[in-house]
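> Supplied in structure tokens, the structure appears directly below.
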Amino acid sequence: MNEQFYELPQEKQLRIINAGLEVFSKNDYRHAVTDEIARKAGISKGLLFYYFHNKKSLYLYLFDYCASLIINQVMGEEPGGSGDEPASGGNEPGGKAARWETVTDFFELLEMAAEAKIKVLEKTPYLADFMVRGYYSEDGIVKEDLNRATMEAVSSAFRKYFRNVDYSKFKPDVPPMEIYEMLVWMTEGYLHDRRKSNASISMKEIMEKFYVWEKWLKQIAYKEEYQKTEA
């Protein structure tokens with residue numbers, strides 16, 4: 614993409630980003646129309662391609678943007694930032710960012726991440742559908758790049774969310790990263806199935822499913838003395 618995109622006023626950047634998310638969230642990659650994205654963003658198609666060169670470049674940029682946005686907002690950091698600096702007040706005692714530094718239990722952090730991610734999805738209308746379509750895209754034009762971007766996003770989230778975890782609670786033969794991946798794919802798979810069947814998506818229902826899956830995985834992953842779940 615053209616780095617001059619970042620020189621635009623933030624309001625204009627967000628207008629283009631939101632237009633892209635809206636159109637791609639409602640259509641598979643191949644059927645999303647860039648003319649519609651440009652129209653919703655209030656710019657010409659030529660200018661859209663000046664910033665992003667082509668449809669694929671725009672799509673992959675949006676996927677990376679959303680993955681970073683989710684991680685940063687889950688951890689209480691500035692949206693769209695590098696993730697190195699917290700949002701205002703984020704590191705105050707008891708603040709969201711501060712909790713990530715003090716909690717060391719893997720499954721407690723999983724719950725924190727899931728609950729915060731749900732809040733992000735609830736206030737960002739097209740984000741969930743866009744990301745789920747991306748995770749399960751079969752379009753040959755973007756599939757390989759999306760698979761790579763997805764694995765990078767999962768790895769990045771794992772490194773950030775669990776950097777202070779006490780891994781001694783895990784059974785020796787259980788890789789923590791694989792437990793995290795299993796829970797991610799179970800959740801995204803549930804969202805994908807709901808979308809395919811045109812069923813409404815209830816964030817409350819997703820969390821109810823999440824807590825059940827988390828309990829199962831804790832029994833698989835943790836040594837017996839750490840399996841007890843607080844009431």
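Heads up: take any position in the sequence shown, counting from 1, add 613, and you land on our numbering. Glycine is no exception: its CB is placed at the ideal position from the N, C-alpha and C atoms.
Ordered along the chain, which non-local residues of its own chain (more than five positions away) have a Cβ less than 7 Å from that of S930?
The chain is shown from 614 up to 844; residue 930 falls before or after that span and cannot be answered.
> Here's the rule I'm using: 16 or more other beta-carbon atoms within 10 Å means buried, otherwise exposed. How should P622 be labelled?
By the 10 Å Cβ count, P622 comes out exposed.
> Do V687 and A729 have their C-beta atoms within less than 8 Å of each other?
Yes, they are a contact pair.
> On the three-pair Cβ rule with 8 Å, is the region 735 to 754 touching the region 628 to 642?
The answer is yes - the region 628 to 642 touches the region 735 to 754, with three or more Cβ pairs under 8 Å.
> Take S695 and list the residues in its own chain whose beta-carbon comes closer than 8 Å to its own, dropping the five residues that flank it on each side.
Low local confidence applies: a pLDDT of 35 at S695 is under 50, so the model's placement there is unreliable, and no value is given.
> What is the DSSP secondary structure of F783, reduced to helix, strand or coil?
In the structure shown, F783 sits in a strand (DSSP, three-state: E or B).
> How big is the Cα-Cα spacing for M725 and T715?
Roughly 12 Å separates the two Cα atoms.
> Pull up the CB-CB distance for I731 and M816, whole angstroms please, since I reckon it's below 8 Å.
Indeed they touch by this definition, with Cβ atoms about 5 Å apart.
> Where does E837 land, buried or exposed, given buried means 16+ other C-beta within 10 angstroms?
By the 10 Å Cβ count, E837 comes out exposed.
> Terminal residues of the continuous alpha helix (DSSP H) containing T800?
789 to 809 is the span of the alpha helix (DSSP H), which, as asked, contains T800.
> Taking C-beta to C-beta, are I833 and V797 nearer than 8 Å?
The answer is no: Cβ separation not under 8 Å.
> Pick out the complete alpha helix (DSSP H) segments inside the region 622 to 650, 4 residues or longer, and give them in chain order.
Correct list: 623 to 639.
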